[in-house]
Amino acid sequence: MDKVEFSQPLFFLNLVGLNLLKNDEFSKARRVILVLILFLVFVLAYSELLTNFNNFDTIVHASEVIFPQYQIIWKTVILIIYKKGLAQRIEETTHFWPLNQFGKNVAKSAISVHTLLRKIFMGYAILIYSSASLFIFPAIGSDRPIILTYGENRGFSAETKIFYFIFHTIATFITLTLVTGFDGLFFYFVGHILSELKMLKIAFSDLKIETAWSCSRRLSLSIQHHIYILKYIKDVNNVYSTYLLNQHFSSLFGLCFGLILMTKDGLPPDFNHLFRYLPYIIAFLLQLWMFCYAGTLIITSSLEIPNEIFYHDWNQAAAYENKLSKIIAIKRGQSAAKLTLGGFGNLDLESFNLFKLTLNMGKVEFSEPLKSLNIIGLHPATTDGF
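Residue numbers for the sequence shown follow the working numbering, beginning at -16 and rising by one.
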């Protein structure tokens, strides 16, 4: 079984002109079109929000798009600014060990990573594009456009409605294509890292491997490759760290707003509120969990390596010749390789628990957010003149 190829997520990025390995004129033109569409959607949405900030329906519609738009902008910025760095990270994977490095029957755990990743990416892409129906179908025959846009509070003419429907449909599919490519690229980086960590675990273990390496050479090459992979993880983190921080907290805000809007007329929510906001909440929740779980896998896999080095019964010659390197490798491996949230925390399931902590602090009643809305006259249950 071969490793997953970056060409799969790059295919989606190529559609919007953000293929990291291409810089031809046609790609540049598509990139300019992408930026212009995103910029226009952003300006129209925030113009409506700022001019009708005292309208609760506008606030509701804005909350449905403001956090996804914020993440889309960050994804685009990362792909443009760090294009060379990401392309270099892809190129560096050619120096990774092949899956049959130690024999066909040894690296089953590493092979399973790539097998599972193919299925996850395919399912993720289908789920992403299926979600388009949640935005597009409700807008058919409705006075409200797919995306918050300037003038919707005053109403549109029939021609303007058709224009916005077509424009927003195009923008929606462009956005979903960008999300599929960006997230797929991230998960493919994680998949390659995990398979290398599992290969290193095998290399440092007592398992018999099908290579011509002596015991001393096995230890020496494994230590060198361990250093290379740890540096690679650090380089990947340098690119994604700031984005991961922004995505994490925007997802938390999106989840909280989604729960507030779903339950604003009381618990349990009625069918209309449930149908409208539950997919929105699930999308943020799934995204948050998948990224945090991926970060946890990197941490746990990296921490398994020093145990393998320590408990491997190396022969005396290899142990004596590489004793200092062995000690340093164990010490090096005791500090977990990880992806971080802008240096403020680690991307792991502990950071995912922040969402549960938020719910516990609010006791899932959202009384404090609703009090804040009441202060500015936007409490959904308040109908008096004051």
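We put the CB at the ideal spot given by N, CA and C, even for glycine.
Check	Outcome
May I ask which residues mark the beginning and end of the alpha helix (DSSP H) holding residue 164?	141 to 187
On the CB-based measure, 16 or more other CB atoms within 10 Å of its CB, does residue 81 come out buried or exposed?	exposed
Could you tell me the distance, in whole angstroms, from the CA atom of residue 184 to the CA atom of residue 79?	14 Å
Quick check: what's the CA-CA separation for residue 225 versus residue 247?	33 Å
Over what stretch of residues does the alpha helix (DSSP H) that includes residue 126 continue unbroken?	Unbroken run through residue 126: none, as it is neither H nor E.
Around the C-beta of residue 348, are 16 or more other C-beta atoms found within 10 angstroms, so that it is buried, or is it exposed?	Its pLDDT being 46, under 50, residue 348 is placed unreliably by the model, and nothing is read from it.
Counting pairs of beta carbons, one from the region 107 to 114 and one from the region 195 to 214, are three or more of them closer than 8 Å?	no
So residue 322 and residue 223 are in contact, right, with Cβ under 8 Å, and what is the actual spacing, rounded?	6 Å
Could you check what DSSP says for residue 290 in three-state terms: helix, strand or coil?	helix
Taking 7 Å as the cut-off, decide whether the C-beta atoms of residue 158 and residue 55 are in contact.	yes
Let me check one thing: in DSSP terms, what residues is residue 329 bridge-paired to?	323
Tell me whether residue 2 counts as near the ligand SAM, meaning its Cβ is closer than 6 Å to at least one heavy atom of that ligand.	Looking for the ligand SAM in the displayed structure turns up nothing, as the structure carries no ligands at all.
So residue 245 and residue 257 are in contact, right, with Cβ under 8 Å, and what is the actual spacing, rounded?	7 Å
What is the DSSP secondary structure of residue 346, counted as helix, strand or coil?	Because residue 346 carries a pLDDT of 46, less than 50, the predicted location of this residue cannot be relied on, and the following value inherits that uncertainty. Residue state, collapsed to three classes: coil.
Inspect the CB distances between the region 181 to 201 and the region 158 to 173 and report whether three or more fall short of 8 Å.	no
Put residue 3 into one of helix, strand or coil per three-state DSSP.	coil
Quick check: the region 232 to 240 against the region 262 to 282, are at least 3 beta-carbon pairs closer than 8 Å?	yes
When we look at the beta-carbon of residue 346 and count the other beta-carbons within 10 Å, is it buried (16 or more) or exposed?	Note that residue 346 scores a pLDDT of 46, beneath 50, so its modelled location is shaky; the value from the coordinates is reported in the next line. Exposed, by the Cβ-count rule.
Does the beta-carbon distance from residue 30 to residue 93 come in below 7 Å?	no
Output yes or no for whether 7 Å exceeds the beta carbon distance between residue 130 and residue 97.	no
One question on the structure: do residue 277 and residue 162 come within less than 7 Å of each other, judged by their Cβ atoms?	no
Hey, would you say residue -8 sits closer than 7 Å to residue 171, going by beta carbons?	yes
For a test of the three-state rule: what should DSSP assign to residue 30, helix, strand or coil?	helix
Suppose the cutoff is 7 Å on Cβ atoms and the five residues either side in sequence are ignored; what does the same chain contact list for residue 206 look like?	308, 312
Starting from the C-beta of residue 335, find all residues in its chain whose C-beta is less than 7 Å away, skip the five residues before and the five after it, and write them out in chain order.	271, 272, 275
Count the other C-beta atoms from every protein chain shown that fall within 10 angstroms of the C-beta of residue 28, then say buried if there are 16 or more, exposed otherwise.	buried
Quick one: what's got a C-beta closer than 7 Å to residue 284's C-beta in the same chain, skipping five residues either side?	177, 180, 181
Between residue 14 and residue -4, which are expected to be in contact by the criterion C-beta below 8 Å, what is the C-beta distance as a whole number of angstroms?	Going by Cβ atoms, the distance from residue 14 to residue -4 rounds to 10 Å, so no, they are not a contact pair.
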